[in-house]
Amino acid sequence: MDVSFQLREGEWTALIGHNGSGKSTLANLLVGLLQLDEGKIKLNGSITKKEQSFEHIGIVFQNPENQFIGTTVEDDVAFGLENINMSYEEMRERVDKALLDVDMLDYRMADPSQLSGGQKQRVAIAGMLALEPKVLILDEAFVMLDPRSRKELMATIRKLTNKGMTILSITHDMEEAAHADKVMVMERGRIKTVDSPSQLFFSDSTLEKPFAEKLREALKSRKRKVPDKYMTEEEMVLWICKSN
Amino acid sequence: MDMQIELKDVSANYQIGPIRKPNVLNSVNLTIESGTFTALIGRTGAGKSSLLKTLNGLLLPSEGSIRVGNTVIKSSNQKDAIRKIRKQVGMVFQFPESQLFAETVEKDICFGPLNFGVPLEEAKEKAKKVIDLVGLEPSILSKSPFSLSGGQKRRVAIAGILAMEPSVLVLDEPGAGLDPQGKKEIMSLISTWHQQEGLTTILVTHDMEDVALYADRVILMDQGKILKYEKTKKIFSDTDLLESWGLEIPQARHYQRRIEQETGIKLPNVCLTLEELADALVAVGLV
Amino acid sequence: MNKLILGRYFPGESWLHQLDARAKMISVVLLIAMLFIANNWLAYLFLWLITLFIMHLSQVPFHTYVRGVKPMIWLILFTVMLQVLFTSGSNVYVEWGPITISEYGLINGVFIFSRFVMIVFLSTVLTLTTKPIDLTDGINKLLTPLRLVKVPVDDISIMLSISLRFIPNLLDETQKVMDAQRARGTEFGEGSLFQQMKTLVPIFLPLFASSLNRAEDMANMMDVKGYNSGIKRSTFRRVYWKKQDTWCLCGVFFIGVVTVLLRG
Chain A
1 MDVSFQLREG EWTALIGHNG SGKSTLANLL VGLLQLDEGK IKLNGSITKK EQSFEHIGIV
61 FQNPENQFIG TTVEDDVAFG LENINMSYEE MRERVDKALL DVDMLDYRMA DPSQLSGGQK
121 QRVAIAGMLA LEPKVLILDE AFVMLDPRSR KELMATIRKL TNKGMTILSI THDMEEAAHA
181 DKVMVMERGR IKTVDSPSQL FFSDSTLEKP FAEKLREALK SRKRKVPDKY MTEEEMVLWI
241 CKSN
Chain B
1001 MDMQIELKDV SANYQIGPIR KPNVLNSVNL TIESGTFTAL IGRTGAGKSS LLKTLNGLLL
1061 PSEGSIRVGN TVIKSSNQKD AIRKIRKQVG MVFQFPESQL FAETVEKDIC FGPLNFGVPL
1121 EEAKEKAKKV IDLVGLEPSI LSKSPFSLSG GQKRRVAIAG ILAMEPSVLV LDEPGAGLDP
1181 QGKKEIMSLI STWHQQEGLT TILVTHDMED VALYADRVIL MDQGKILKYE KTKKIFSDTD
1241 LLESWGLEIP QARHYQRRIE QETGIKLPNV CLTLEELADA LVAVGLV
Chain C
2001 MNKLILGRYF PGESWLHQLD ARAKMISVVL LIAMLFIANN WLAYLFLWLI TLFIMHLSQV
2061 PFHTYVRGVK PMIWLILFTV MLQVLFTSGS NVYVEWGPIT ISEYGLINGV FIFSRFVMIV
2121 FLSTVLTLTT KPIDLTDGIN KLLTPLRLVK VPVDDISIML SISLRFIPNL LDETQKVMDA
2181 QRARGTEFGE GSLFQQMKTL VPIFLPLFAS SLNRAEDMAN MMDVKGYNSG IKRSTFRRVY
2241 WKKQDTWCLC GVFFIGVVTV LLRG
């Protein structure tokens, strides 16, 4: 794998690619779950050692249930802080702040059986936020959620990026990727393209497109005068209204 | 085979012992015609899974009766009727790959048929047939189910149900947890089985695109009751109601509503798919 | 599953519910020890009164305790019968072949019955009035001195709390797998013992596989969050020792003294 990319603070980058392209491998390497056979990982120009990984990068995985270790929500969020032997007072502060950031403060005494998949994922995020990482990786974090949980989670991610968190979300869902600020396409262990969603979905015909773009193409094939550029839902609706 | 399904005044709960538990199904009345493709929608906790379980005797009704073809199940535990119904109604649960256990794929697929008294040689023949039906290579039959990928496991699990040659196929979110490509493939297979084998199909799903694409009729449930049971187009015509129940609508319908609201022009028909929407927009001259 | 009272938490606000888990655990151990120290009518009567009083304090209905003994009643009666039928001593009443019923045997039978039942009752009081997580917190704190002899107390603690946390999930999954296999024509609890055991394979294997998966996911998460065996880590969950806990231990100590004094 020979990969080099930049993530800007407060930016939401989606990482897409077929199964076997190396997306999850990349994520696991970044958080130190996989050991390198050769080569090195550099963060901000300096080579990282495994122990340092989790200080900078947090990760949330697919399965909401299997990440929840604590008996209650706040116990779970505190887990990472206990591991760095933090004092109770400091833990209390960080836990509360993290829960507030994901809108789960009201649920801090809840046990996992009382939470939906989306809520559990938010708790998983809070557990990472408490460790104050610079980057948060979401490894197909939406896959096992029902539509409502997905919406809630997306809103939470948006809120976090607005507050300055850098997000790298690995996904197969093109609608999800369309919401990101930037999309990276990975293929066979390399980054093939980096582009904005609009540019990418407009130019790359191998990708499954978001609905608005598919509609534009359907209208184009019916010989209608649609603009020759990528359109989001808003833009599509606006264009239809304006033309009438 | 005529396999009409009828539920008459069915109520059910998960009560064991003296502690009273609330009903998960309340006086459900429903008739599903043989050979149809029905989608079952509703928010989490509406009673969808419970309804499915009454169809093969996993959940016995506290009141009322369930008829599948000629077999009837009531509140008293009649072993023969239940056994018969379980063979006729093939049930695929969510994440079905979690039920795989045998040494080889072939053995796992044969598990169902063997339990229903099918001789071993015949069961193996069926295994060969269904492995093809689910789009896998016959060479997979000798492999261990635990060595397969997630998508393959799921197909093997479904094959195990198809091998019992049910007349009714019930599926609870068969695409859950799969990537979009995998999901499309599974749904397309289900549609093929429905058409080719004439299976009465009941699908529980949150994905309204699938409902729009495949279902003839839709059952909408909430709090253990059936709110609506209508043709697909009709169910999606009242979008406000669906949204009030916290449900999604197909993308095309969503766009249709927005466009109609913003332009004030109504499209000639309810659009559930991309193509229908594009055609309708052209037809009214909006594009 | 539903009949298992020992181990079940019964929510409540009684004085016992509010005691620290450590005080309760130590008390139960000490009280059980006293059951072996007592050796005459008076001592046992005293301990019976104490036990019944403690059960009353828990505000849990008596029949719940009785239900807790039921699963073990045959084992208890069997052991008692052994005492009654095969012990010789003063005042033999019946002698018939290997069977000897003596006064000594009968009295001992009653003592053993009492001991067994009181052990069950006292342990049940502990689990009925203490949330499982509080028990593990208590155990964690009590085991702390063992750190000095390199016992991996934190690991044990985490293993206990993770196991507890996933019990509802395991029960759920078991139900789901059973349903799935039933839908494929298996029935459970029917046929010969051998057949019944065969039907356990389609349940056990999938559960085992999913538990392994879960363990791997969990281990990855713990790794990313910096957990390592043997590191010094703080505890977020707090346990508070209060005055009433000290009083409780004093009370138990007092009971112990009385029991020793009553010893004949």
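Protein chains in written order, with the working numbering: chain A, 1 to 244; chain B, 1001 to 1287; chain C, 2001 to 2264. Glycine included, C-beta positions come from ideal geometry on N, C-alpha and C. As the structure is a prediction and not an experimental result, all values here were calculated from the model.
- The residue among A:LEU81, A:MET186 and A:PHE61 with its C-alpha nearest the C-alpha of ALA124 of chain A is A:PHE61.
- If you draw a 10 Å sphere on the C-beta of HIS2063 of chain C, you find fewer than 16 other C-beta atoms in it, and that means exposed.
- In this structure ILE240 of chain A is in contact with ILE1259 of chain B, their Cβ atoms being roughly 6 Å apart against a cut-off of 8 Å.
- Using a Cβ-Cβ distance cut-off of 8 Å, the region 2080-2095 of chain C and the region 2046-2062 of chain C are not in contact, since fewer than three pairs of beta carbons, one from each stretch, lie closer than that value.
- Out of B:GLY1150, B:THR1200, B:ALA1215 and B:LEU1199, the CA that lies nearest to the CA of HIS1206 of chain B is found in B:ALA1215.
- ILE2255 of chain C carries a helical assignment under DSSP once its states are collapsed to helix, strand and coil.
- A residue is called buried when at least 16 other Cβ atoms come within 10 angstroms of its Cβ; GLY2191 of chain C does not meet this threshold and is exposed.
- The C-alpha of ARG1253 of chain B is placed about 15 Å away from the C-alpha of LYS1231 of chain B.
- Judged by DSSP secondary structure, VAL1168 of chain B falls within the beta strand (DSSP E) whose first and last residues are 1168-1172.
- By the Cβ-count criterion, ARG150 of chain A is buried, with 16 or more other Cβ atoms from all chains shown falling within 10 Å of its own Cβ.
- Contact of ALA78 of chain A with chain C by beta-carbon distance below 7 Å involves PHE2236.
- Put simply, of B:GLY1182, B:LYS1128 and B:THR1201 the residue whose alpha carbon is nearest the alpha carbon of MET1091 of chain B is B:THR1201.
- For ASP2223 of chain C, the closest of A:GLU187, A:LEU81, A:ASP204 and A:GLU235 by C-alpha to C-alpha distance is A:LEU81.
- Of all residues in the region 2192-2217 of chain C, the ones placed with a Cβ closer than 9 Å to any Cβ belonging to chain A are ASN2213, ARG2214, ALA2215, GLU2216 and ASP2217, in chain order.
- Exposed is the label assigned to ARG2008 of chain C, since fewer than 16 other Cβ atoms lie within 10 Å of its Cβ.
- Positions of the alpha helix (DSSP H) runs, each at least 4 residues long and wholly inside the region 1134-1184 of chain B, are given as 1150-1162 in order along the chain.
- Using a CB distance cut-off of 8 Å, LEU1286 of chain B counts as an interface residue toward chain A.
- DSSP places ASN1056 of chain B outside both helix and strand once states are collapsed to three, so it counts as coil.
- For ASP2223 of chain C, a Cβ of chain A is located within less than 8 Å of the residue's own Cβ.
- For PHE2236 of chain C, same chain residues with a beta-carbon under 8 Å away, outside a window of 5 residues either side, do not exist.
- Note: ALA1012 of chain B is bridge-paired with B:LEU1025 in the DSSP secondary-structure output.
- Taking 7 Å as the upper bound on Cβ-Cβ separation, chain B lies near residues GLU208, PHE211, LYS214 and LEU215 of the region 201-216 of chain A.
- Shown here for ILE137 of chain A: same chain residues with a beta carbon closer than 6 Å to its own, the five before and five after excluded, namely ALA27, ILE59 and LEU168 in chain order.
- Residue pairing of GLU1006 of chain B in beta bridges, as defined by DSSP: B:THR1031 and B:ARG1067.
- Around the beta carbon of SER2102 of chain C, 16 or more other beta carbons sit within 10 angstroms, so the residue counts as buried.
- Taking a C-beta cut-off of 7 Å against chain B, the contacting residues of the region 162-179 of chain A are HIS172 and ASP173, listed in chain order.
- Between SER21 of chain A and GLU187 of chain A, the gap from beta carbon to beta carbon is short of 8 Å.
- By a beta-carbon distance limit of 8 Å, LEU100 of chain A does not contact GLY118 of chain A. Their separation comes to about 17 Å.
- Taking a Cβ-Cβ threshold of 8 Å, the residues of chain B close to VAL237 of chain A are TYR1255, ARG1258, ILE1259 and GLU1262, in chain order.
- In the three-state DSSP reduction, MET2072 of chain C falls in the helix class (H, G or I).
- Proximity of THR2064 of chain C to chain B, defined by a Cβ-Cβ separation below 8 Å, is not satisfied.
- For SER1098 of chain B, the closest Cβ of chain C is nearer than 8 Å.
- Annotation for TRP2048 of chain C: the continuous alpha helix (DSSP H) segment containing it runs 2041-2057.
- When secondary structure is reduced to three states using DSSP, SER169 of chain A falls in the strand class.
- Using a CB distance below 7 Å, the part of the region 132-154 of chain A facing chain B consists of VAL143, MET144, ASP146, PRO147 and ARG148, ordered along the chain.
- As the crow flies, the alpha-carbon of LEU2057 of chain C is around 34 Å from that of ASP106 of chain A.
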